[in-house]
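Notes follow once the structure below has been shown.
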Amino acid sequence: MNEQRTRVLFVDDESLILKAMQRQCRRIRPAWDAHFAESGYAALDMLEEWQVDVIISDMRMPGMTGAEFLATARERWPATHRMILSGQTDQSSLLEGVGAVHRFLQKPCDMKQIIYSIEQSLQLRKEMCDSQLNTYITKLESLPVINSVYRDLMTALDDPNVSIDSIADIVSRDAGLSVKVLQLVNSAFYCIPRRIDSIVDAVRRIGLSNLQSLALIANIFRTLDNDNEWNTVLSQLWAACIDTGACAEQYAKLHNQPPCVCSEARIGGMLSLIGRVILVAFQPEKAKELLNIGERDSIPLLDAEQKVCGIRQQVVGAYSLGIWAFDERLIDAVLHQYNPANASVYDLTHPAVYVHAARATIRTHRLTDDVNVDIESLASIGFDVELFEQLKHAA
Amino acid sequence: MDLATRVLELESENSALQRTVDALIKRMDGLLDSASNQFDTFSKSVTLQQIVGRRTQELARITEDARNEAARRRKAEELMRSERRLLSSVLLHIPHLISWKDLSGAYLGCNRSFAQAVGLSDPEAIKGLHDQNLDWQPAQPELSFQREHDVLFARLPITDSEEAFVSVDGHVHTYLVSTVPMHNGESQLTGVLSIYADITDRKNLESQLLHAQKLESIGQLAAGIAHEINTPAQYVSDNIRFILDEFHDIMRILKLFESLLCASSPERSWEDRQAEMKLALDAADYNYLINEIPCALEQSVEGIGRIAHIVKAMKDFSHPGSGVKERADLNQAIESTATVCSNRWKVVSDLVLDLDPQLPNVPCLISEINQAILNIIVNAADAIESRYKQTGTKGTITITTRQVDDHVVAEFTDNGGGIPQSIRHKIFDPFFTTKDVGKGTGQGLAISRDVIVQKHGGSLDCSVNEGESTTFRILLPLNAEMRHSRVA
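Chains A and B, in that order, are what the protein sequence lines are. 1 is the number of the first residue of the first sequence in our numbering; add one for each residue after it. 396 is the number of the first residue of the second sequence in our numbering; add one for each residue after it.
Listed below in structure tokens is the structure:
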């Protein structure tokens, strides 16, 4: 057997799904060594026999649930890349008890997208493992990003009749989150004439749908920034993330994108530097070196990063977002923030474009590197280049 | 009225009597004076003295009697007045609407609340009016008519009949109406008296609660239904993409064949052309395709059918109903409801349907019956899930329907281990739940039973085989009509 063939195991209790996947797989990736199991038990039997690179499992199955199966697989074959393909729509139940899964896909999902995600995810993991960061992977995979406030918030947001006041109440319980909500709403890019000091007003302004991701991001920062001599740097990075998010959203709005794309642009912007945040948090000594090398040799920060840490920040970011069950498009946007033309889709409907533009617009700290913009390429997909020049100038 | 006049008469009689007595006493005093003079004169006439003494005593007694009688009458009159005040005050202030009619249906009187409700400023004005003269109309006139008719006919009261009336301002109010027959002293029927209690607010709350419970379950179902639809959507779209992609290959082969078969094709031997065709077929994996494409198509059709089935079940389930009882197919209701909530039971349980194909349609409020069926199935699935969670095996939910005399019976049995004795008596209580906070409001069974018993005259009960199974039994009458609850 060819050692280079990617060995993939699909698990789903619906045999018709497996059959359809098999057909598509055979056509799109004939080189893959793909296996199909109709239950967690059958899948575990197969894992005993074959070494598998990637598992793609359904969640809701009779007998052994997807969560149980993946937990067992993780314990016994930790090197296996684990992904979820689920038809369940409520996120809160998905995140419960799954543990570290590397990617999270939602049904219905185009097989081409599934294959793209599998390959991208595998590639990111390979880069992570090859880097000097590999010792931190386990730590990264077990980061508790969901706390009780976040959980309460998700439950409350699931309730269609929820009032702004009760949401604001939950937010107020968490001082860190409250501060970040106010920071976001008072960011210059929201263009709100007066300063907003009340959580209720801030929540109303931000909108409930955005609050959830904000809470998650705030939580990631909190998890990372304890007892670190780089706390000031982290909070400056956070401020840069906030501005990048708000700026990306403005770009999306000014290009007449629907609210969902605007929201993706903002979240993507806010998350664009999460990889660097993780690098600084995990390896503070490297961060110092990073800045020194950058200044001494006057090479771009990103190259310095590759040199010092053996990896680039967007790869760390995208890999982490996969673990935290962020949407594929957001992962794509973060991964391709330096060159959106490489994203799965390169047009104005994809958040990567706006995250890219916002990253190039905002530069507030020495740890937020310069992003070079290919003006012609952006113009070719209809991006308003004049607007970019204006905003960059204003920033 | 008579009494007051009589009291006045008595009072004047009394004072006349008093005056006579006073005059008599005066005269007696005079007489006594002259008698004492005479006594001096006829001091030996003992008889006269005795007579006078006797008469004096007699007179004093009469006077005393007259005084007592006057006091008694004043007291009785006072009592009468206070009772009258009480009665009119009760009639005046009671929020219930009260009116009474004679045998011909003409109003004899009413209280102020009733007068206000029908748009009259003075309760006296109701006298002699009939229902059709009023600006206050029953929403279902035949129901009100029937009630009064039944009371007069059976001479028995009817209590708490729920009726809607359109009031003067055009709003519909719901009342609990109780009607009693009225008799005169000779126990002859003289008319009916009706009391109306306005329960509009309570009804609104009830329907809101019912609605809230329905919304709650639809909300809980929505995610499950999405999952049920996403599954076929996933493989249908995969299959169609596959077919679409392969179709391009097939078209390429066909074009190649066309050119090779064409008479004007270059001078090549048939064998040569055949070989090229075969090569093209092999390259496209033709043998695989001729097997897989029909399968992919069939499975796509199956998937679309599954989606259509779920959508139809959702439509059946969420049908709001007309608000009045209509004959409905209970078997279909059970199948649709089980489909809608299949996500709740499918993973943990098998479903066995043993539905009587001969089952007649049942007059019912189908939307509310659907809700009751849903509550029972979801409870059954939850029971099975908590029992079999550890074992990894599936339980069974069995649903049977059949006709028993003039009733339709639906039984829902789950082998989820039964309900513990200690809580069995509480399962129909509102707000009683064994589920985690946020998972159930404890309204399901309470509302289901209320709907089946109160609105359908049926029954919902439960029998338990301890440690094994629970059976919920819905009984619905086939000849359900709009009947009043009667006081025996």
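For each residue, glycine too, the CB sits at the ideal point set by N, CA and C.
Beta bridge counterpart(s) of residue i as assigned by DSSP
i: I84/A; result: S57/A and F104/A
i: Y502/B; result: K496/B
i: S762/B; result: None, per the DSSP bridge assignment.
i: G790/B; result: S744/B
i: I869/B; result: A805/B and L855/B
i: T795/B; result: D749/B and E806/B
i: A34/A; result: V8/A
i: E721/B; result: C759/B
i: P259/A; result: According to DSSP, P259/A bridges with nothing at all.
i: P533/B; result: F560/B
i: S864/B; result: N860/B
Nearest residue (CA-CA) to residue i, options the options
i: R422/A; options: A156/A, K126/A, T349/A and W50/A; result: Residue 422/A is absent from the model: chain A starts at 1 and stops at 395.
i: V334/A; options: A325/A, Y346/A, H356/A and I323/A; result: H356/A
i: T734/B; options: R597/B, D526/B and I624/B; result: I624/B
i: V743/B; options: Y783/B, T795/B, V567/B and E581/B; result: Y783/B
i: V513/B; options: L498/B, S499/B and Q532/B; result: Q532/B
i: R636/B; options: L655/B, L692/B and L651/B; result: L692/B
i: I794/B; options: A778/B, I779/B and T866/B; result: T866/B
i: V171/A; options: N161/A, D158/A and L153/A; result: L153/A
i: K496/B; options: L748/B, E406/B, P755/B and P576/B; result: P576/B
i: I84/A; options: E68/A, A31/A and V101/A; result: V101/A
i: L182/A; options: L140/A, A239/A and D327/A; result: A239/A
i: S57/A; options: A304/A, D201/A, I375/A and F10/A; result: F10/A
i: D130/A; options: C309/A, T65/A and N339/A; result: C309/A
i: I267/A; options: H393/A, R74/A and I217/A; result: I217/A
i: S632/B; options: E601/B, G698/B and L656/B; result: G698/B
i: I137/A; options: L124/A, I17/A and T72/A; result: L124/A
i: D749/B; options: V416/B, N726/B and K821/B; result: N726/B
i: G336/A; options: N292/A, V233/A, Q120/A and D159/A; result: The sequence shown places His at residue 336/A, not Gly. Here the closest residue by C-alpha is Q120/A.
i: A379/A; options: R296/A, F282/A, G176/A and H255/A; result: H255/A
i: G811/B; options: A776/B, S762/B, D801/B and E721/B; result: A776/B
i: F69/A; options: K126/A, L302/A, A325/A and L44/A; result: L44/A
i: L651/B; options: A675/B, N634/B and E408/B; result: A675/B
i: A287/A; options: C262/A, I199/A, A265/A and Q313/A; result: Q313/A
Close beta carbons around residue i, own chain, < 6 Å, minus the five adjacent residues each side
i: V54/A; result: V8, H81 and I118
i: N912/B; result: Summary: the structure shown does not reach residue 912/B, with chain B confined to residues 396 through 883, and so no result is reported for it.
i: D33/A; result: R5 and R7
i: G269/A; result: T244, G245, A248, V355 and A358
i: G382/A; result: L348
i: N868/B; result: Residue identity check: residue 868/B is Arg in the sequence provided, not Asn. Taken in chain order, the residues that qualify are E806 and D856.
i: L644/B; result: One detail in the question is off: residue 644/B reads as Asp in this sequence, not Leu. Cβ within range, chain order: A679.
i: Q398/A; result: The question about residue 398/A has no answer, for chain A in this structure spans 1 to 395.
Neighbourhood of residue i by C-beta distance below 8 Å, restricted to the same chain and skipping five residues each side
i: R195/A; result: N186
i: I28/A; result: M111, K112 and I115
i: M1/A; result: The predicted position of M1/A is uncertain, since its pLDDT is 42 and thus under 50; a value taken from the coordinates is nonetheless stated next. Counting only Cβ-Cβ distances below 8 Å, and skipping sequence neighbours, we find D33.
i: V162/A; result: A156 and L208
i: L237/A; result: L273, R276, V277, V280, H365, L367 and T368
i: G63/A; result: S39, G40 and Y41
Cβ-based neighbour list, residue i, same chain, cut-off 7 Å, excluding 5 preceding and 5 following
i: V773/B; result: C736 and R739
i: T595/B; result: H568 and T569
i: K522/B; result: Y502, L503 and G504
i: T458/B; result: V416
i: L515/B; result: I521
Worksheet entry | Contact set between the stretch 5-26 of chain A and chain B, restricted to residues whose Cβ is under 7 Å from the partner | E14, L16, I17, K19, A20, M21, R23 and Q24
Fill in: alpha helix (DSSP H) runs wholly inside the stretch 823-860 of chain B, at least 4 long, in chain order
839-845
Worksheet item: Whole alpha helix (DSSP H) runs in the stretch 547-632 of chain B with 4 or more residues, listed along the chain?
Response: none
Item to complete: Scan the stretch 777-791 of chain B for residues whose Cβ lies nearer than 7 Å to a Cβ of chain A and list them as they occur along the chain.
Response: G787 and K789
Fill in: Ordered list of alpha helix (DSSP H) runs contained in the stretch 631-702 of chain B, each at least 4 residues
665-678
Worksheet entry | Interfacial residues, the stretch 300-334 of chain A to chain B, with Cβ spacing under 9 Å | none
Discussion item. So within the stretch 272-328 of chain A, which uninterrupted beta strand (DSSP E) runs reach at least 3 residues, ignoring any that extend past its ends?
Written reply: none
Discussion item. Taking beta-carbon pairs under 9 Å, can you tell me which members of the stretch 129-140 of chain A lie near chain B?
Written reply: none
Worksheet item: Which of the residues in the stretch 509-522 of chain B, read from start to end, lie with their CB under 8 Å from any CB of chain A?
Response: none
Discussion item. Beta carbons nearer than 8 Å to chain A: which residues of the stretch 691-713 of chain B have them?
Written reply: A691, Q694, E697 and G698
Worksheet item: Along the chain, which unbroken stretches of the alpha helix (DSSP H) at least 4 residues long are found entirely within the stretch 148-192 of chain A?
Response: 148-158, 164-172 and 175-185
Discussion item. Along the stretch 632-645 of chain B, where does the CB come closer than 8 Å to a CB of chain A? Name the residues.
Written reply: S632, D633, N634, R636, F637, D640 and E641
Worksheet item: Which of the residues in the stretch 615-630 of chain B, read from start to end, lie with their CB under 7 Å from any CB of chain A?
Response: A618, A621, H622, N625, T626, A628, Q629 and Y630
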